[in-house]
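Just remember that my numbering sits 440 ahead of the position in the sequence shown, which is counted from 1.
The structure appears right after this line, and notes come after that.
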Amino acid sequence: MLAAGALAEFADRVVIVERDTLPEGPAPRKGLPQARHAHMLWSGGVRAMEELLPGITDALKAAGGRRHPVTTGVVALSAQGWFRRWPESHHVILAGRDLLDATVRARVLADERIELLGETEALGLTGTDAAVTGVRIRTRDGAERTLPAGLVVDATGRGSRATQWLADLGLPAPERREIDPGLVYASRLFLAPETARDGFPVVNLQPDPRGAGPGRSGFLLPIENGRWIVTLAGTRGGEPSAASEDFVPFAREKLRHPLLGELLERAEPLSDVSVTRSTLNRRNFYERMPVWPENFTVLGDALAVFNPVYGHGLSAAAQGAVRLRAVIRRHGWGTPGLARRVQRAVARPVRAAWDLALGQDVFYPGATEQGPTVRDRLLSAYVGRLMYTATGNGRIARRVTDVTSLERGAEVLLTPGVLLAAARGPLKPPLAAPPMTAEERKAAGVV
Numbered sequence: 441m442l443a444a445g446a447l448a449e450f451a452d453r454v455v456i457v458e459r460d461t462l463p464e465g466p467a468p469r470k471g472l473p474q475a476r477h478a479h480m481l482w483s484g485g486v487r488a489m490e491e492l493l494p495g496i497t498d499a500l501k502a503a504g505g506r507r508h509p510v511t512t513g514v515v516a517l518s519a520q521g522w523f524r525r526w527p528e529s530h531h532v533i534l535a536g537r538d539l540l541d542a543t544v545r546a547r548v549l550a551d552e553r554i555e556l557l558g559e560t561e562a563l564g565l566t567g568t569d570a571a572v573t574g575v576r577i578r579t580r581d582g583a584e585r586t587l588p589a590g591l592v593v594d595a596t597g598r599g600s601r602a603t604q605w606l607a608d609l610g611l612p613a614p615e616r617r618e619i620d621p622g623l624v625y626a627s628r629l630f631l632a633p634e635t636a637r638d639g640f641p642v643v644n645l646q647p648d649p650r651g652a653g654p655g656r657s658g659f660l661l662p663i664e665n666g667r668w669i670v671t672l673a674g675t676r677g678g679e680p681s682a683a684s685e686d687f688v689p690f691a692r693e694k695l696r697h698p699l700l701g702e703l704l705e706r707a708e709p710l711s712d713v714s715v716t717r718s719t720l721n722r723r724n725f726y727e728r729m730p731v732w733p734e735n736f737t738v739l740g741d742a743l744a745v746f747n748p749v750y751g752h753g754l755s756a757a758a759q760g761a762v763r764l765r766a767v768i769r770r771h772g773w774g775t776p777g778l779a780r781r782v783q784r785a786v787a788r789p790v791r792a793a794w795d796l797a798l799g800q801d802v803f804y805p806g807a808t809e810q811g812p813t814v815r816d817r818l819l820s821a822y823v824g825r826l827m828y829t830a831t832g833n834g835r836i837a838r839r840v841t842d843v844t845s846l847e848r849g850a851e852v853l854l855t856p857g858v859l860l861a862a863a864r865g866p867l868k869p870p871l872a873a874p875p876m877t878a879e880e881r882k883a884a885g886v887v
């Protein structure tokens, strides 16, 4: 949807090929099973969406989404210890994925230049290894036809078949890396206690990839209508169950701290448990291919998918759409080499998100066939040191959040001042308990 919004400025007609039947409002759909899990939109992604769709932040808030301060409104346990709740420097938008999608969809499809072909499947590309001329589609009645296009954008998500489509045109496969920590996700909706429905913090209990045994984590997001969406996760040998009766005990007994389980004991379950096992990190390095056809580009999850616990997929996709528009504005529609320039540009927002995910997940047993590379180990050691420093240094916490929010690139973590601070370590002693206020504990019924 965001790519369509970006392209409407340049094209007389933008056609979205969508396999699902899209609902009118915020409702589940078959092609988005991950919507049952916790999602958030980091401020880097919020700003990108606002560039593409001015006023979308207000529309999300009007629909029930929440603008939530970071790190002020976050209770987080990292592998290096509890983070302090420093003054607000960044933010996230918290909402159910169905609400996010419906709000963006309504804004995009209100543009008369944009047409939706629902219940239609993209089958492959037409053209040659030098230039794509369109896409083959199968419509809802089973008929197949060719849809000519001056630019084809693959934003089909995790199930993208772009590598096969390019192979069918005679192009080589791109370099690819996969890191599969073996995570299983289990999520459930709860009605928060009445006194804990406004201003309650995000709770994020992270695993320690280098610790003994499986990595287990838990995530609570306050979303619209006084609800909490809670996602539990575990690596191989420590997976959460799909059984409703096991959800709260897992949160209370299997995580590195019982806080999340204690909070859920006083909340009302609103849904069954939804389980997902497709959580690998995968990046296709299309930008490195020696040959790239004109009139074709790959964006979003079709380009790179991340472990959902980091919450970067939506933000990276939004920034990719902004890059798409910026390159076309700069070089002009239809100029030679435009598609290659776009592909290189949209890879840039992916890099920081990829390195952040890789720095943790590559250390889980079985995550890769070869194990961590030397670069992986060096990167992880430095990121770990930064995270440790951030537990007791507000300036470094802000720099780290610059990157995790996708507001700035990882180069801000390599300045002399940050390197020196990391060498010195935290300025304050570690916290021994979750940084929740007495009022928050009382509101949630936790003593």
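Just so you know, even glycine gets a beta-carbon here, dropped at the ideal spot from N, CA and C.
Spatially closest choice to residue i from the options, by CA coordinates
| i | options | result |
| --- | --- | --- |
| histidine 530 | Ala546, Ala632, Val486 | Val486 |
| glycine 574 | Ala583, Gly597, Trp605 | Trp605 |
| threonine 737 | Phe640, Gly653, Thr603 | Thr603 |
| arginine 628 | Glu809, Ala451, Asp816, Val670 | Val670 |
| glutamate 708 | Pro730, Ser684, Phe690 | Ser684 |
| leucine 609 | Asp686, Ile619, Asp569 | Asp569 |
| alanine 613 | Thr497, Arg723, Ser657 | Arg723 |
| isoleucine 768 | Leu754, Ser755, Gln783, Gly678 | Gln783 |
| alanine 444 | Leu493, Ser483, His477 | Leu493 |
| arginine 717 | Phe687, Leu704, Ala682, Arg692 | Ala682 |
| leucine 826 | Leu846, Glu809, Gly857 | Gly857 |
| threonine 813 | Gly495, Asn644, Ile619, Ala883 | Ile619 |
| glycine 824 | Leu481, Phe803, Thr808 | Phe803 |
| leucine 660 | Pro527, Met480, Ala850 | Met480 |
| proline 866 | Leu818, Met729, Leu500, Ala830 | Ala830 |
| glutamate 555 | Ala451, Arg881, Gly495, Pro509 | Ala451 |
| valine 510 | Trp482, Ile496, Leu517, Ala535 | Trp482 |
Residue j beta carbon less than 8 Å from that of residue i
| i | j | result |
| --- | --- | --- |
| alanine 571 | glutamate 727 | no |
| threonine 844 | leucine 778 | no |
| alanine 758 | leucine 442 | yes |
| glutamate 664 | leucine 557 | no |
| glycine 740 | alanine 595 | yes |
| proline 960 | glycine 832 | Residue numbering for the chain in the displayed model covers 441 to 887; residue 960 lies beyond these limits and cannot be assessed. |
| glycine 701 | threonine 675 | no |
| alanine 744 | arginine 763 | no |
| leucine 853 | arginine 839 | yes |
| alanine 626 | proline 588 | no |
| proline 689 | alanine 519 | no |
| serine 755 | glycine 484 | yes |
| arginine 537 | leucine 472 | yes |
| arginine 553 | arginine 459 | no |
| alanine 446 | alanine 761 | yes |
| leucine 710 | alanine 691 | no |
| glycine 653 | glycine 678 | yes |
Residue-level contact to chain B via CB, residue i, 8 Å cutoff
| i | result |
| --- | --- |
| alanine 503 | The chain inventory of the structure shown lacks chain B, comprising one protein chain alone. |
Per DSSP, cross-strand counterpart(s) of residue i
| i | result |
| --- | --- |
| tryptophan 482 | Val532 |
| proline 709 | Phe630 |
| tyrosine 625 | Ala673, Thr716 |
Separation of residue j from residue i, as counted between CA atoms
| i | j | result |
| --- | --- | --- |
| valine 749 | tryptophan 522 | 17 Å |
| glutamate 449 | glutamate 490 | 15 Å |
| proline 468 | alanine 475 | 7 Å |
| proline 698 | valine 886 | 11 Å |
| arginine 630 | isoleucine 533 | First, the residue type needs correcting, since residue 630 is phenylalanine and not arginine in the sequence shown. Taking the straight line joining both Cα atoms gives about 19 Å. |
| tryptophan 732 | threonine 512 | 45 Å |
| threonine 635 | arginine 525 | 21 Å |
| valine 892 | threonine 566 | With the chain represented from 441 up to 887, any question about residue 892 goes unanswered, as that position is not in the structure. |
| alanine 862 | arginine 835 | 11 Å |
| glycine 799 | glycine 597 | 23 Å |
| threonine 775 | arginine 545 | 30 Å |
| arginine 788 | alanine 478 | 25 Å |
| leucine 695 | valine 715 | 18 Å |
| proline 805 | serine 820 | 15 Å |
| alanine 607 | arginine 601 | 10 Å |
| aspartate 498 | valine 515 | 26 Å |
| phenylalanine 725 | arginine 781 | 14 Å |
| proline 647 | arginine 507 | 26 Å |
| proline 730 | arginine 616 | 14 Å |
| valine 643 | lysine 501 | 21 Å |
| aspartate 551 | glutamate 809 | 47 Å |
| alanine 742 | glycine 811 | 25 Å |
Residues near residue i by beta carbon distance below 7 Å, same chain, minus five either side
| i | result |
| --- | --- |
| asparagine 747 | Pro621, Leu623, Thr719, Asn721, Ala797, Asp801 |
| alanine 632 | Phe640, Pro662, Gly666, Arg667, Trp668, Ala707 |
| arginine 637 | Gly666 |
Same chain, Cβ closer than 8 Å to residue i, neighbours up to 5 away in sequence not counted
| i | result |
| --- | --- |
| threonine 461 | Arg469, Gly558, Glu559 |
| glutamate 584 | Leu563, Arg576, Ile577, Arg578 |
| glycine 772 | Leu778 |
| alanine 873 | Trp522 |
| arginine 580 | Gly558, Glu559, Thr560 |
Close beta carbons around residue i, own chain, < 6 Å, minus the five adjacent residues each side
| i | result |
| --- | --- |
| histidine 752 | Phe746, Ala793 |
| leucine 871 | Trp522 |
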